[in-house]
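Student: The structure that follows is given in the form of structure tokens.
Residue numbers (the working numbering): 84 to 295.
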């Protein structure tokens, strides 16, 4: 998916084709948020004023590069997970045997179609965590980019949540459904307020005209 130009990706996203869809868009939003965080970190490195936190910034960059790569992979993985689900929905169910096969195929496809956006949610939460650190230690000259980055990561987490729930809603494996939804609830309850806090702090620092 990401081999496409941005223009082609948006064209594919806006088409009637089932992929890319909301999950891929969520992963891409998370990747954009992390990319902005990496920019902030790179612009902080080597500055005398931030020498005391240079080791911390390097650690953020190392983690961030891995997250960026993973989120890019998840754009593709979401398409790979959703396509079989879309195919399963279109299977005939005119006979009892067809209906049984359709339901079996659908339930199998729902598992990966739920687990991939859950992984997007996990990664987006980690992006928020890194943005928290950048909000404290990154260059004040690019503080607004921390705010944009954490807003994108929050959007990615919320979007991933919807992509999980639309699939677990009809999942018949109640044990797996419970595990997935429990982890998702923990992630959103923990990290969405943290994203809001970072954004509010950035906004206050900018609008309040705080000095460096």
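Beta carbons: idealized from backbone N, C-alpha and C, even for Gly.
Compare the Cα-Cα distances from residue 209 to each of 273, 291, 136 and report the closest residue.
Tutor: One-based indexing of the chain shown puts residue 209 at position 126. Among 273, 291, 136, the Cα nearest to that of residue 209 belongs to 273.
Student: Specify the secondary structure class of residue 98 as computed by DSSP and reduced to three states.
Tutor: For the purposes of this step, residue 98 is taken as the residue at position 15 of the chain shown. Coil at residue 98, not helix or strand.
Student: How would you write the range of the alpha helix (DSSP H) that residue 157 sits in, first residue to last?
Tutor: Indexing the chain shown from 1 puts residue 157 at position 74. From DSSP, the alpha helix (DSSP H) with residue 157 extends over 137 to 172.
Student: Looking only at its chain, what residues have a beta carbon closer than 7 Å to the beta carbon of residue 28, apart from the 5 residues adjacent to it on each side?
Tutor: Because the chain here runs from 84 to 295, residue 28 falls outside it and cannot be looked at.
Student: Can you tell me where the alpha helix (DSSP H) with residue 133 in it begins and where it stops?
Tutor: Residue 133 sits at position 50 when you count from the first residue of the chain shown. Counting along the chain, residue 133 falls outside any alpha helix (DSSP H), and DSSP gives it neither H nor E.
Student: Is it a yes or a no for the segment 229 to 244 touching the segment 86 to 104, going by three-plus beta-carbon pairs under 8 Å?
Tutor: Contact between the segment 229 to 244 and the segment 86 to 104 is absent: fewer than 3 CB-CB pairs across the two stretches fall below 8 Å.
Student: List the whole-angstrom C-beta distance separating residue 261 from residue 123, where the pair is believed to meet the contact cut-off of C-beta under 8 Å.
Tutor: As a working mapping, residue 261 is identified with position 178 in the chain shown. As a working mapping, residue 123 is identified with position 40 in the chain shown. Incorrect: roughly 38 Å between the Cβ atoms, too far for contact.
Student: Please state the DSSP three-state secondary structure of residue 104.
Tutor: Numbered from 1 along the chain shown, position 21 holds the residue referred to as residue 104. Coil, per DSSP.
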